[in-house]
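Everything on this sheet refers to the single structure shown next.
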Amino acid sequence: MDTAQRHDVVVIGGGPAGLNGAMMLARSLRSVVVVDSGSPRNAPAAAAHGLFARDGVAPAELLATGRGEVRRYGGTLVDGEVVGARRTGDGFTVTLADGTTLDARRLLVTTGLVDVLPDVPGLAQGWGADVVHCPYCHGYEVRDRPIAVLGTSPGSAHQALLFRQLSADVVYVSHSTGPTTEQRERFDALGIAVVDGPVSEVVRSGGAITGLVTPTGVLAREVVAVAPRMEARAGFLAELGLVPAEHPSGMGQHLVTDATGRSTVEGVWVAGNITDLSAQVGAAAAAGAFAGAAINADLVEAGALAALREVARL
Numbered sequence: 031m032d033t034a035q036r037h038d039v040v041v042i043g044g045g046p047a048g049l050n051g052a053m054m055l056a057r058s059l060r061s062v063v064v065v066d067s068g069s070p071r072n073a074p075a076a077a078a079h080g081l082f083a084r085d086g087v088a089p090a091e092l093l094a095t096g097r098g099e100v101r102r103y104g105g106t107l108v109d110g111e112v113v114g115a116r117r118t119g120d121g122f123t124v125t126l127a128d129g130t131t132l133d134a135r136r137l138l139v140t141t142g143l144v145d146v147l148p149d150v151p152g153l154a155q156g157w158g159a160d161v162v163h164c165p166y167c168h169g170y171e172v173r174d175r176p177i178a179v180l181g182t183s184p185g186s187a188h189q190a191l192l193f194r195q196l197s198a199d200v201v202y203v204s205h206s207t208g209p210t211t212e213q214r215e216r217f218d219a220l221g222i223a224v225v226d227g228p229v230s231e232v233v234r235s236g237g238a239i240t241g242l243v244t245p246t247g248v249l250a251r252e253v254v255a256v257a258p259r260m261e262a263r264a265g266f267l268a269e270l271g272l273v274p275a276e277h278p279s280g281m282g283q284h285l286v287t288d289a290t291g292r293s294t295v296e297g298v299w300v301a302g303n304i305t306d307l308s309a310q311v312g313a314a315a316a317a318g319a320f321a322g323a324a325i326n327a328d329l330v331e332a333g334a335l336a337a338l339r340e341v342a343r344l
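What follows is the structure, given as structure tokens:
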């Protein structure tokens with residue numbers, strides 16, 4: 031790649047938000063480069079669900095299709111990890127781990143987040159299969175099975191109610207966060223049992239969950255629902271002054287934006303899970319498209335102002 035070329039937009043992150051944003055920009059005849067590290071958040075999942083007209087599609091297939099669409103409209107994709115971004119003049123320079131640099135007038139950051147699971151042996155092994163988080167992403171696939179909801183945050187009690195809609199056999203285990211009196215009353219009314227005390231191990235047999243080790247013994251279960259802490263992948267933005275903030279929900283940290291995805295740094299837009307922790311694939315893709323359109327509008331306005339200044343000089 032000609033690193034001396036200045037692009038209209040560099041998109042950092044090649045998930046649904048980044049690819050849809052890049053496609054919108056490329057369709058507007060913008061020069062766009064997407065840089066992707068190849069570590070999508072949903073890689074452990076066998077399928078993406080709740081996605082209109084593509085329910086059940088394999089995440090890798092969805093991304094491959096999206097990459098092809100970006101290329102179809104003239105966009106460029108680069109495999110690599112962005113390790114730094116700085117302002118240069120009226121634009122930005124992005125640095126990759128291999129030393130490559132890319133110049134751009136605007137940035138769209140869609141690097142997503144990292145799910146940080148509780149440090150319980152056997153838990154991470156099943157992430158995306160029999161260890162789940164979102165009832166709308168994978169809840170249907172674990173319906174009617176014995177489910178344990180691991181209490182790790184204030185939102186865990188609500189998570190238990192959501193999974194109770196999918197199974198009559200739900201147990202809330204107070205790992206680090208127990209239910210309030212009011213929450214216990216709701217649990218009692220819905221038949222959700224509560225086991226107090228931390229989980230020391232997730233027991234497996236033949237690769238599948240068979241139970242959880244609690245202070246009172248082994249609780250027989252087949253599925254664990256857990257709310258991980260979500261941490262924005264944003265360390266490379268520190269030089270620009272973009273630092274993640276705690277999300278109001280308490281679920282983790284994110285980058286703050288306005289309704290269009292515009293960040294607190296002029297010229298930088300953000301979309302997808304890095305700002306909206308609860309966004310599923312469809313919502314992330316839609317946010318990327320919206321941010322892409324907003325960036326194009328911003329560049330159009332900049333072009334019009336530049337044209338006016340040129341006319342004034344004549």
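Each residue of the sequence shown is one higher than the one before, counting from 31 in the working numbering.
From the three backbone atoms N, C-alpha and C, an ideal C-beta is built for every residue, glycine too.
Inter-residue spacing [alpha-carbon to alpha-carbon] between residue i and residue j
| i | j | result |
| --- | --- | --- |
| Leu59 | Thr240 | 54 Å |
| Ala154 | Val161 | 8 Å |
| Ala190 | Ser183 | 12 Å |
| Ile325 | Ala334 | 14 Å |
| Met31 | Val87 | For Met31, the predicted model reports a pLDDT of 45, less than 50, meaning its position is unreliable; a value from the coordinates is still stated below. Near 32 Å, if we compare the C-alpha coordinates of Val87 and Met31. |
| Thr56 | Val100 | The amino acid at residue 56 is misidentified as Thr; the sequence shows Ala. Looking at the two C-alpha atoms, the distance is approximately 7 Å. |
| Arg349 | Asp149 | Any property of residue 349 remains undetermined from this structure, which presents the chain solely from 31 to 344. |
| Gly142 | Ala314 | 9 Å |
| Ala250 | Thr131 | 53 Å |
| Ala332 | Gly121 | 12 Å |
| Arg71 | Arg259 | 13 Å |
| Val108 | Ala94 | 13 Å |
| Val172 | Thr244 | 22 Å |
| Glu261 | Thr106 | 28 Å |
Classification of residue i by the beta-carbon crowding that lies within 10 angstroms, buried from 16 upward
| i | result |
| --- | --- |
| Gly104 | exposed |
| Tyr202 | buried |
| Ser204 | buried |
| Arg263 | buried |
| Asp38 | buried |
| Ser186 | buried |
| Gly98 | exposed |
| Gly51 | buried |
| Pro278 | exposed |
| Ala219 | exposed |
| Val256 | buried |
| Gly236 | exposed |
9 Å Cβ cutoff met for residue i and residue j
| i | j | result |
| --- | --- | --- |
| Gly291 | Ala301 | yes |
| Val64 | Leu49 | yes |
| Asp306 | Ala317 | yes |
| Gly271 | Thr294 | yes |
| Ala178 | Val200 | yes |
| Thr118 | Asp133 | yes |
| Gly158 | Gln195 | no |
| Gly152 | Glu252 | no |
| Arg136 | Val298 | yes |
| Thr246 | Gly227 | yes |
| Gly96 | Met53 | yes |
6 Å Cβ shell around residue i - same chain, five flanking residues per side excluded
| i | result |
| --- | --- |
| Val139 | Ile42 and Val300 |
| Ser67 | Glu111 |
| Val40 | Val63, Val124, Leu132, Ala134 and Leu137 |
| Pro46 | Val311, Ala314 and Ala315 |
| Arg36 | Asp133 |
Reduced DSSP category for residue i - H, G, I as helix; E, B as strand; rest coil
| i | result |
| --- | --- |
| Met53 | helix |
| Arg339 | helix |
| His284 | strand |
| Ser235 | strand |
| Ile177 | strand |
| Ser204 | strand |
| Ala115 | strand |
| Leu196 | coil |
| Ala190 | helix |
| Arg216 | helix |
| Gly247 | strand |
Proximal residues to residue i (C-beta, below 7 Å), its chain only, five neighbours per side dropped
| i | result |
| --- | --- |
| Leu338 | none |
| Val229 | Val150, Leu180, Val203, His205, Leu242, Val243 and Thr244 |
| Val144 | Glu261 and Arg263 |
Same chain, Cβ closer than 8 Å to residue i, five either side skipped, listed in chain order
| i | result |
| --- | --- |
| Gly114 | Val124, Thr125, Phe266 and Glu269 |
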